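Novice: Numbering (the numbering used here), first residue to last: 2 to 104. Built from N, CA and C at the ideal position, the CB exists for glycine as well. These numbers were taken from a predicted model, which means no experiment stands behind them.
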Amino acid sequence: MHRLGNSAEQPQRAPSVGDYFVLETNDACWYVSTAMARTIDADLAREPLPEWITFVDLVGARIRVRAACIEALSQMSSEQRRMRRAFQRALKREHADDSADDE
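Here it is, written out as structure tokens:
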């Protein structure tokens, strides 16, 4: 028989980040699911542009922002983040090599 202990006894697993999008305004940014990003993108493509865009972010908060204040809606897939980290490591190595050459 399997017994469930209290949650303090259970190992805690970090949530998987996966793929998401970042919606940015001048003052803030929110992380949204791919499905929510598609909805936001469709709303932003409407003519005339709606005054307000309402969405739910990845932590469940309902947000309403003026459409004109949205500056970016950017994809952040797991693969893109992996490639960005590799690129940043390569830049760091290149910078270290350049610094060594200057000595």
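Decide if the segment 52 to 61 is in contact with the segment 26 to 40; the criterion is three or more beta carbon pairs, one per stretch, under 8 Å apart.
Specialist: Yes, since at least three Cβ pairs between the segment 52 to 61 and the segment 26 to 40 fall closer than 8 Å, the two stretches touch.
Novice: If you draw a straight line from the C-alpha of Glu-52 to the C-alpha of Leu-45, how long is it?
Specialist: Between Glu-52 and Leu-45, the C-alpha separation is close to 10 Å.
Novice: Val-18: which of Glu-72, Thr-35, Val-66, Arg-67 sits nearest, CA to CA?
Specialist: Checked all of Glu-72, Thr-35, Val-66, Arg-67; the closest Cα to Val-18 is Thr-35.
Novice: Hey, would you say Thr-26 sits closer than 8 Å to Ile-71, going by beta carbons?
Specialist: A contact, by the Cβ cut-off of 8 Å.
Novice: Here's the rule I'm using: 16 or more other beta-carbon atoms within 10 Å means buried, otherwise exposed. How should Phe-88 be labelled?
Specialist: It is exposed - the Cβ of Phe-88 has fewer than 16 other Cβ atoms within 10 Å.
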